[in-house]
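Q: Note that the protein sequences, when read in sequence, are chains A and B.
Here the first sequence stands for residues 46 to 158, numbered as in my numbering.
Here the second sequence stands for residues 6 to 121, numbered as in my numbering.
I'd like to ask you about the structure that follows.
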Amino acid sequence: GENVEQHPSTLSVQEGDSAVIKCTYSDSASNYFPWYKQELGKRPQLIIDIRSNVGEKKDQRIAVTLNKTAKHFSLHITETQPEDSAVYFCAAKRGNAGNMLTFGGGTRLMVKP
Amino acid sequence: GAVVSQHPSRVICKSGTSVKIECRSLDFQATTMFWYRQFPKQSLMLMATSNEGSKATYEQGVEKDKFLINHASLTLSTLTVTSAHPEDSSFYICSASPPGSATEAFFGQGTRLTVV
């Protein structure tokens, strides 16, 4: 099955700096890679996703890059703000497995004002 | 976006009792729903795949007799934690996706279960 590794597990940055979170996946048939933001005690919220036919996608301060050959994808947050502080999860959808997601271990991002 | 509603959001029960958690897709039909468990400061671990009209598919290490899943309609899946013990205390969360390939997964609000 799919295995998703996420690094780092914690990340502390100063407000205004950039934050980068990296994930690797094992199943070359995976074709959908979402990123979720989860605040304490709440449901994960999709912030950006990328499909395997695209190498990069950007939405305002958030961008995701995908390297299919190396089987890794990354989340980039620029101009971080204190409200970006949360736990971020990457995920991969197993090929031919419906909409089942395999999640990375999560990254706790802390943005210091 | 699509809406998935989960109920209850919090429940406290005594050891040995059973607790039922509901997951509903409010504006789409879901032949498949997923149940996750999340321990504090950890990731979401898939417990089982709920299949409408057929048996659930459980992940390795998840006891099917302890975590009963029923997907009786295209908009409702239930997870029943039977004979709950304190170690079952956790955050349980469901997800579902509208029909189509590679579509966004929508999560329920989650259920904080505390077994005392």
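From the three backbone atoms N, C-alpha and C, an ideal C-beta is built for every residue, glycine too.
Between B:D70 and the rest of its own chain, which residues show a CB-CB distance below 8 angstroms, the 5 nearest in sequence each way excluded?
A: Excluding sequence neighbours, B:D70 sits near T87.
Q: Taking a Cβ distance cut-off of 7 angstroms, strictly less, list which residues of the stretch 94 to 109 of chain B are near chain A, in chain order.
A: So the close ones are I98, S102, A107, T108 and E109.
Q: Does the Cβ of B:L31 have 16 or more other Cβ atoms within 10 Å, making it buried, or fewer, making it exposed?
A: Exposed, because fewer than 16 other Cβ atoms sit within 10 Å of the Cβ of B:L31.
Q: Is A:P53 close to chain E? Criterion is C-beta to C-beta, closer than 8 angstroms.
A: The question asks about chain E, but that chain is absent: this structure's protein chains are A and B.
Q: First and last residue of the beta strand (DSSP E) that includes B:N75?
A: B:N75 -> beta strand (DSSP E) spans F72 to S78.
Q: Can you list the residues of chain B that A:L25 reaches, using a CB-CB cut of under 7 angstroms?
A: One cannot answer for residue 25 of chain A here, as it falls past the ends of chain A, which runs 46 to 158.
Q: Using CA atoms only, rank isn't needed, just tell me which of B:S55, B:A77, B:T62 and B:P91 is closest to B:C18.
A: Comparing Cα-Cα distances from B:C18 to each of B:S55, B:A77, B:T62 and B:P91, the minimum goes to B:P91.
Q: Where A:I93 and A:I122 are concerned, what is the direct C-alpha to C-alpha distance, given to the nearest angstrom?
A: The straight-line gap from Cα to Cα measures roughly 11 angstroms.
Q: Buried or exposed: where does A:K138 fall if 16 or more other Cβ atoms within 10 Å of its Cβ makes it buried?
A: Buried, because 16 or more other Cβ atoms sit within 10 Å of the Cβ of A:K138.
Q: Any Cβ of chain A within less than 8 angstroms of the Cβ of B:G3?
A: No answer is possible for residue 3 of chain B: the residues shown for chain B start at 6 and end at 121.
Q: Can you list the residues of chain A that B:S48 reaches, using a CB-CB cut of under 7 angstroms?
A: Chain A residues near B:S48: F134, F148, G149, G150 and G151.
Q: What is the DSSP secondary structure of A:E84, counted as helix, strand or coil?
A: Three-state result, A:E84: coil.
Q: Taking just the CA atoms, how far does A:K87 sit from B:A7?
A: One C-alpha to the other measures close to 17 angstroms.
Q: Is the distance from the Cβ of A:G149 to the Cβ of A:C68 below 8 angstroms?
A: Yes; because the gap between Cβ atoms is below 8 angstroms, this pair is in contact.
Q: Among B:P13, B:C28 and B:T22, which has the Cα closest to the Cα of B:F111?
A: Ranking B:P13, B:C28 and B:T22 by Cα distance to B:F111 puts B:C28 first.
Q: Please decide whether B:Q114 counts as near chain A, where near means a Cβ-Cβ distance under 8 angstroms.
A: So yes, B:Q114 belongs to the interface.
Q: Compare the beta carbon distance of A:F134 and A:Y70 with 8 angstroms and say whether it is the shorter of the two.
A: No, the Cβ-Cβ distance between A:F134 and A:Y70 is not below 8 angstroms.
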